[in-house]
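Protein chains in written order, with this note's numbering: chain A, 10 to 24; chain B, 26 to 305.
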């Protein structure tokens, strides 16, 4: 994956 | 307090007011107390456990509760310390579930630290929800910059969680993130998404060159399985449709990936990091 994707946290939300 | 300016004091007072809300989710706080501001709020579980998390009160009507963050602390690690969303016990055939955090009540990390380390709060297993939203935020950005800094933001709007018990804790009970649970065709649900920032093309470009032939952007997919029968929890923004090399574009996992791809971002670095060459 790209550097941007690899160095970004994936935040998960509910509603 | 005596050295606070007037404005500052008002702000602190308003923040302390929030501690008086009693709610199980940000949606309840928005609906019951008409709070419209993004930020940290206190929530309570059914058993009365109190925790603090971030509420997105502005996207698509607001009321979104941050319940977890998947953060890659070391792309070179292979199910080493910090890989809470796969395993911290090494690449171990005898530990097919890894840490098991996708389907247990363990919690870790803090809301403010969610871009610097993994985060999981009681809302992950306690809240009964209908939809999800996902933000990809560059590591170490402070909370009040998350929305602006995010490289990708989207949400579902078809209430799919109603079919799977209302949260990811229940969904991954139906679809265990476990090595050898099945083959590539035993993938979990893929749900269409609505973009809040970014689109199908930017999503495509965030993943490696070779993976782009294997998926369709515009979805969030749960419990993918690759050729080597390793399970991954979430394919963010995409639906696998061919090839089954999901370790290069799906995150999270169990405790074993053949031959040596174990980790929270399993094999995102297969062709080393750079401008999206090969599988990377």
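Ideal Cβ placement from N, Cα and C applies to all residues, glycine included.
These numbers come from a predicted model, not from an experiment.
For residue j and residue i, believed in contact at Cβ under 8 Å, the rounded distance
i: residue 63 of chain B; j: residue 90 of chain B; result: Going by Cβ atoms, the distance from residue 63 of chain B to residue 90 of chain B rounds to 12 Å, so no, they are not a contact pair.
i: residue 66 of chain B; j: residue 49 of chain B; result: Residue 66 of chain B to residue 49 of chain B, Cβ: 11 Å. No contact.
i: residue 15 of chain A; j: residue 290 of chain B; result: 6 Å
i: residue 96 of chain B; j: residue 169 of chain B; result: Incorrect: roughly 18 Å between the Cβ atoms, too far for contact.
i: residue 177 of chain B; j: residue 161 of chain B; result: 4 Å
i: residue 204 of chain B; j: residue 256 of chain B; result: 6 Å
i: residue 298 of chain B; j: residue 152 of chain B; result: Actually they do not touch by this definition, with Cβ atoms about 35 Å apart.
i: residue 200 of chain B; j: residue 248 of chain B; result: 4 Å
i: residue 126 of chain B; j: residue 109 of chain B; result: 5 Å
i: residue 17 of chain A; j: residue 214 of chain B; result: With 8 Å as the limit, residue 17 of chain A and residue 214 of chain B do not qualify as a contact, their Cβ atoms being about 24 Å apart.
i: residue 275 of chain B; j: residue 259 of chain B; result: 6 Å
i: residue 278 of chain B; j: residue 88 of chain B; result: No, residue 278 of chain B and residue 88 of chain B are not in contact; Cβ-Cβ is about 30 Å, not under 8 Å.
i: residue 140 of chain B; j: residue 166 of chain B; result: 5 Å
i: residue 131 of chain B; j: residue 76 of chain B; result: Rounded, the Cβ-Cβ distance is 13 Å, inconsistent with contact.
i: residue 218 of chain B; j: residue 181 of chain B; result: 6 Å
i: residue 24 of chain A; j: residue 154 of chain B; result: 6 Å
Buried versus exposed, by CB contacts within 10 Å (16 or more), residue i
i: residue 71 of chain B; result: exposed
i: residue 133 of chain B; result: exposed
i: residue 240 of chain B; result: buried
i: residue 157 of chain B; result: buried
i: residue 288 of chain B; result: buried
i: residue 38 of chain B; result: exposed
i: residue 273 of chain B; result: buried
i: residue 267 of chain B; result: exposed
i: residue 26 of chain B; result: Its pLDDT being 46, under 50, residue 26 of chain B is placed unreliably in this model, and the value from its coordinates should be taken loosely. Exposed is the call here.
i: residue 208 of chain B; result: exposed
i: residue 286 of chain B; result: buried
i: residue 118 of chain B; result: exposed
i: residue 28 of chain B; result: Any reading at residue 28 of chain B must be qualified, since the residue scores a pLDDT of 49, below 50, and its modelled position is unreliable; no value is offered.
i: residue 193 of chain B; result: buried
i: residue 265 of chain B; result: buried
i: residue 292 of chain B; result: buried
i: residue 11 of chain A; result: buried
i: residue 284 of chain B; result: exposed
i: residue 92 of chain B; result: buried
i: residue 173 of chain B; result: exposed
Residue i (DSSP reduced to helix, strand or coil)
i: residue 64 of chain B; result: strand
i: residue 77 of chain B; result: strand
i: residue 133 of chain B; result: strand
i: residue 229 of chain B; result: helix
i: residue 319 of chain B; result: In the structure displayed, chain B extends from 26 to 305; residue 319 of chain B sits before or after that span and is not available.
i: residue 175 of chain B; result: coil
i: residue 116 of chain B; result: coil
i: residue 315 of chain B; result: Coverage of chain B is limited to positions 26 through 305, which leaves residue 315 of chain B absent and any answer about it impossible.
i: residue 293 of chain B; result: coil
i: residue 49 of chain B; result: coil
i: residue 304 of chain B; result: coil
i: residue 104 of chain B; result: coil
i: residue 139 of chain B; result: coil
i: residue 58 of chain B; result: helix
i: residue 188 of chain B; result: helix
i: residue 88 of chain B; result: coil
i: residue 198 of chain B; result: helix
i: residue 281 of chain B; result: coil
i: residue 28 of chain B; result: Unreliable placement is indicated for residue 28 of chain B, whose pLDDT of 49 sits below 50; the coordinate value is still reported in the next sentence. In this structure, residue 28 of chain B counts as coil in the three-state DSSP scheme.
i: residue 236 of chain B; result: helix
i: residue 12 of chain A; result: helix
i: residue 126 of chain B; result: helix
i: residue 204 of chain B; result: coil
i: residue 224 of chain B; result: coil
i: residue 111 of chain B; result: coil
i: residue 42 of chain B; result: helix
i: residue 211 of chain B; result: helix
Strand pairing of residue i, partner residues [DSSP]
i: residue 180 of chain B; result: B:158, B:219
i: residue 249 of chain B; result: B:257
i: residue 18 of chain A; result: B:162
i: residue 93 of chain B; result: A:21, B:145
i: residue 352 of chain B; result: No answer is possible for residue 352 of chain B: the residues shown for chain B start at 26 and end at 305.
i: residue 276 of chain B; result: B:259
i: residue 69 of chain B; result: B:75
Give me the subset of the region 215-228 of chain B whose CB atoms are less than 7 Å from a CB atom of chain A, sorted by chain position. none
- When Cβ atoms are compared, which residues of the region 261-290 of chain B fall closer than 8 Å to chain A? 261, 273, 274, 276, 290
Listed in chain order, which residues of the region 229-258 of chain B have Cβ atoms closer than 9 Å to some Cβ of chain A?
230, 231, 232, 233, 236
Worksheet entry | Near-chain A residues of the region 80-102 of chain B (beta-carbon distance less than 7 Å), N- to C-terminal order | 81, 88, 89, 90, 91, 92, 93, 94, 95, 96, 97, 100
### Under 7 Å (Cβ pairs) to chain A, residues found in the region 135-159 of chain B
139, 140, 148, 152, 154, 155, 156, 157, 158, 159
Taking Cβ-Cβ distances below 8 Å as the criterion, which residues of the region 52-72 of chain B are in contact with chain A? 52
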